[in-house]
Amino acid sequence: NDGAAMLLVMSRKKADELGLKPLAKIVSHASIGQDVPYLHTVPALATKKALDKAGLKVEDLDLVEINEAFAAVALKSMEMLGVSEEKVNVNGGAIALGHPIGASGARILLTLAREMERRGAKLGAAAICSGTAQGDCVILSREGL
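For what it's worth, this note's numbering labels the leading residue of the sequence shown as 1053, then goes sequentially.
Below, the structure is given as structure tokens:
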């Protein structure tokens, strides 16, 4: 799939200097690795690790984006996290929207931040896996923006 996404990551001070209004702030992030046969579990494991680092629980999340490299990845992650489908990939995941590999990480973060803004959501998580069974998660907040 072709696609592009862009994120600007900077301090709040720098955003204020440039007259930019942040969409969200990063609360926590985590990476984790597993053996390749367990690729479908790493987004959930990274999400749990990021939540633990921030002192948060899955129940605190208003929205969750899980990149669907394969349908099993999102389904297994939802099962492991115990998160309802009403909170996950609410605009469709990578199967519906596309999976431009070089842009997918940025795409899910931007999709999450925009949907959090639209719904007035406070906390969200974006999680993704790689072909080498690495999982990554970023927890975003819109509180206080």
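Yeah, the Cβ is synthetic: ideal placement off N, Cα and C, and Gly gets one too. Quick caveat: nothing in here was measured; it's all calculated off a predicted structure.
For residue 1087, the secondary structure class from DSSP, reduced to helix, strand or coil, is coil.
The C-beta of residue 1093 has 16 or more other C-beta atoms within 10 Å across all chains shown, which makes the residue buried. In the structure shown, residue 1094 adopts helical secondary structure according to DSSP, grouped into three states.
Residue 1068 sits in a helix when the DSSP states are folded into three classes.
Looking at the DSSP output, residue 1193 shares a beta bridge with 1077, 1175.
Per DSSP, the continuous beta strand (DSSP E) segment holding residue 1116 begins and ends at 1115-1118.
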